[in-house]
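Visitor: Residue numbering for the sequence shown follows my numbering, beginning at 1059 and increasing consecutively.
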Amino acid sequence: MTLVHNWHLGRRMEYPYFESRPKKQFAAIFNINRCIACQTCTMACKSAWTYNKGQEYMWWNNVETKPYGGYPQSWDVKTLKLIDNGENTWYTDEKDEKLSPYGVYEGDTIFEASAKKNLNQWAVGYIPEDKEWRAPNFGEDVAKSNNKPDEYSSLPEHSRWFFYIQRLCNHCTYPGCLAACPRKAIYKRKEDGIVLIDQKRCRGYRKCVEQCPYKKPMYRGLTRVSEKCIACYPRIEGKDPLTKGRPMETRCMSACVGQIRLQGFLDDNPKNPVTWLIRHHKVALPLYPQFGTEPNIYYIPPRWAPRSYLRQMFGPGVDEAVEKFMVPSRELLAVMSLFRMTQTIVFEYKIEEGPKVFETVIHGKKFEMFNDTVIGFGEDGQEIVRTTVEEPLYIRDPKHYNSI
Ligand code: SF4
Ligand code: SF4
Ligand code: SF4
Ligand code: F3S
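1) Roughly how many whole angstroms lie between the Cα atoms of Ile-1087 and Tyr-1263?
2) With 16 as the cutoff for other CB atoms within 10 Å, does Thr-1147 come out buried or exposed?
3) Spell out a yes or no on whether the segment 1099-1110 and the segment 1372-1381 are touching, meaning 3 or more CB-CB pairs, one atom from each, closer than 8 Å.
4) Helix, strand or coil for Ile-1288, going by three-state DSSP, please let me know.
5) Thinking C-alpha only, which one of Arg-1261, Val-1404, Pro-1214 and Gln-1257 is nearest Lys-1329?
6) Would you give the residue range spanned by the beta strand (DSSP E) that Thr-1431 belongs to?
7) Between Trp-1219, Asp-1455, Lys-1242 and Ile-1355, which lies nearest to Trp-1180 when the distance is taken from Cα to Cα?
8) Is it buried or exposed for Val-1253, if we count other Cβ within 10 angstroms and need 16 for buried?
9) Would you kindly report the start and end of the unbroken beta strand (DSSP E) that includes Arg-1070?
10) Among the residues of its own chain, which have a CB less than 6 Å from the CB of Val-1200, if the five just before and after it don't count?
11) By alpha-carbon positions, which one of Leu-1280, Pro-1292 and Cys-1270 ends up nearest to Lys-1286?
12) Could you pull out every residue in the same chain whose Cβ sits closer than 8 Å to the Cβ of Ser-1132, ignoring the five residues on either side in sequence?
13) Mark Ile-1336 as exposed unless 16 or more other C-beta atoms lie within 10 angstroms of its C-beta, in which case mark it buried.
14) Would Cys-1235 pass as a contact of Ile-1244 if the rule is Cβ separation under 8 Å?
15) Which partner residues does Trp-1148 have in the DSSP bridge list?
16) Starting from Tyr-1277, follow the beta strand (DSSP E) in both directions and report where the run begins and ends.
17) Is the beta carbon of Thr-1446 sitting closer than 8 Å to the one on Gly-1412?
18) Of all the options Arg-1218, Thr-1281, Thr-1060 and His-1458, which has the alpha carbon lying nearest to the alpha carbon of Ala-1237?
19) Tell me Tyr-1407's beta-bridge partners as DSSP assigns them.
20) With DSSP collapsed to three states, give me the class of Met-1311.
21) May I ask you to report which of helix, strand or coil DSSP gives Val-1415?
22) Say the cut is 7 Å; is the CB of Ile-1141 nearer than that to a heavy atom of ligand 4?
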């Protein structure tokens, strides 16, 4: 074991390999508030990568309903139990913007829990039973009711609630799957941090299935090797002719009907929209940071779900993130306008100021909307997209009025 820094946890932790971060890390942001669970993302992945024999149960991208849904069933509750040492708390009195932006996690990660229990494996985990994989959308749209159903919790929280969570491999900075594999068949690419299973090296040991806390490697009985999300790497490498050599968003990201997804790279540029939303504005948060793998898919939490539930899922940054999302700043509104405006990956943004078009009060706070223009630039610095905060209005030509 070596000691590595995990900024989600605000501290160092034990991991079998040295800390090694790519210059730019594959990352994405999902705005849970907007997802309609249409599963277009799910089918976009399925039809590209997992339509063959032996892959029937593989949903590398899935969208499940919380709190009751999960694929495989109860994956998160089961893993949370494995790391529970009775004191899985966060110390939030002192924070450091770079090293511990959410505070310090005082509980055990999947790696530390295993060491404490002398399990003789790198991380705690379990292999789901076949029956847990059989219903990909178990619990869909089932609402949870708070104890006092007649009373609304204080708005924006609702007394009856559920929300959708979009899941794929997190291409973690400290992957549990990679740590677990005795064959060293899993590797993390230096150029973009994508985590891949080498299909030739894999011998089907399934330690990755066991020790990925998000349950995203999946075993294929027909070939006797495991497979997982490959981050659509040919698109990321700019091999798709559509973007003329520029890095392109993955299938599940670019297909999103609800326009809830923005994919890109986490880097050191504060004007990279992904980096700004995650590291600077802190409106997008990691899923179960306490697992300790430093996942790289981030979520804008749903404003109507109980905060206590959200805190155990996204960590102590929830309150700040929800407040910021509910009454968005001028910059946040502009950056969020970039979601799903282009398939080409945006590396930097610029905002040109426009006039004030609206103002109101939201939950006691003044909100002003400006019709700013946001411009996105590609990896080569060329402009690839330009849009405004106010959606453009198109008026149909009178000659087409009754054309349908
Ligand atoms: Fe590995 Fe799981 Fe992290 Fe993906 S989510 S990199 S499969 S540990
Ligand atoms: Fe599937 Fe590509 Fe999305 Fe991964 S990034 S879940 S491979 S569509
Ligand atoms: Fe949600 Fe977008 Fe997937 Fe539809 S395509 S389920 S809106 S993430
Ligand atoms: Fe390793 Fe998982 Fe294959 S543990 S050998 S990558 S099934």
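All C-beta atoms in this analysis are idealised placements derived from N, C-alpha and C, irrespective of residue type, glycine included.
Guide: Looking at the atomic coordinates:
1) Position 29 of the sequence shown holds residue 1087. Position 205 of the sequence shown holds residue 1263. The straight-line gap from Cα to Cα measures roughly 32 Å.
2) Here residue 1147 refers to the residue found at position 89 of the sequence shown. Exposed, since its Cβ has fewer than 16 Cβ neighbours within 10 Å.
3) no
4) Here residue 1288 is taken as the residue at index 230 of the sequence shown, counted from 1. Here Ile-1288 sits in coil by DSSP.
5) For this step, residue 1329 is matched to residue 271 along the sequence shown. Checked all of Arg-1261, Val-1404, Pro-1214 and Gln-1257; the closest Cα to Lys-1329 is Val-1404.
6) Here residue 1431 refers to the residue found at position 373 of the sequence shown. First-last of the beta strand (DSSP E) with Thr-1431: 1431-1435.
7) Translated into positions along the sequence shown, residue 1180 becomes position 122. Among Trp-1219, Asp-1455, Lys-1242 and Ile-1355, the Cα nearest to that of Trp-1180 belongs to Lys-1242.
8) Here residue 1253 is taken as the residue at index 195 of the sequence shown, counted from 1. Result: buried.
9) One-based indexing of the sequence shown puts residue 1070 at position 12. Run containing Arg-1070: 1069-1073, per the beta strand (DSSP E) assignment.
10) Mapped onto the sequence shown, residue 1200 falls at position 142. Counting only Cβ-Cβ distances below 6 Å, and skipping sequence neighbours, we find Tyr-1126.
11) Here residue 1286 refers to the residue found at position 228 of the sequence shown. Residue nearest to Lys-1286 within the set Leu-1280, Pro-1292 and Cys-1270 is Cys-1270 (criterion: CA-CA distance).
12) As a working note, residue 1132 is residue 74 in the sequence shown. Once the five neighbours on either side are set aside, the close Cβ partners of Ser-1132 are Glu-1190.
13) Numbered from 1 along the sequence shown, position 278 holds the residue referred to as residue 1336. Buried, because 16 or more other Cβ atoms sit within 10 Å of the Cβ of Ile-1336.
14) In the sequence shown, the residue the question calls residue 1235 occupies position 177. In the sequence shown, the residue the question calls residue 1244 occupies position 186. Cβ atoms of Cys-1235 and Ile-1244: closer than 8 Å.
15) For the purposes of this step, residue 1148 is taken as the residue at position 90 of the sequence shown. For Trp-1148, which the question treats as bridged, DSSP gives the partners Tyr-1163.
16) For the purposes of this step, residue 1277 is taken as residue 219 along the sequence shown, with counting starting at 1. It spans 1276-1278 - the beta strand (DSSP E) in which Tyr-1277 sits, taken as one unbroken run.
17) Looking up residue 1446 in the sequence shown gives position 388. Looking up residue 1412 in the sequence shown gives position 354. In this structure, Gly-1412 lies closer than 8 Å to Thr-1446 by Cβ.
18) Counting from 1 along the sequence shown, the entry for residue 1237 is found at position 179. Comparing alpha carbon positions, the residue from Arg-1218, Thr-1281, Thr-1060 and His-1458 closest to Ala-1237 is Thr-1060.
19) As a first step, residue 1407 must be located in the sequence shown, where it is residue number 349. Partner(s): Gly-1434.
20) In the sequence shown, the residue the question calls residue 1311 occupies position 253. Helix at Met-1311.
21) Residue mapping note: residue 1415 aligns to position 357 of the sequence shown, counting from 1. Note: Val-1415 maps to strand in three-state DSSP.
22) Here residue 1141 refers to the residue found at position 83 of the sequence shown. Not under cutoff, so the answer is no.
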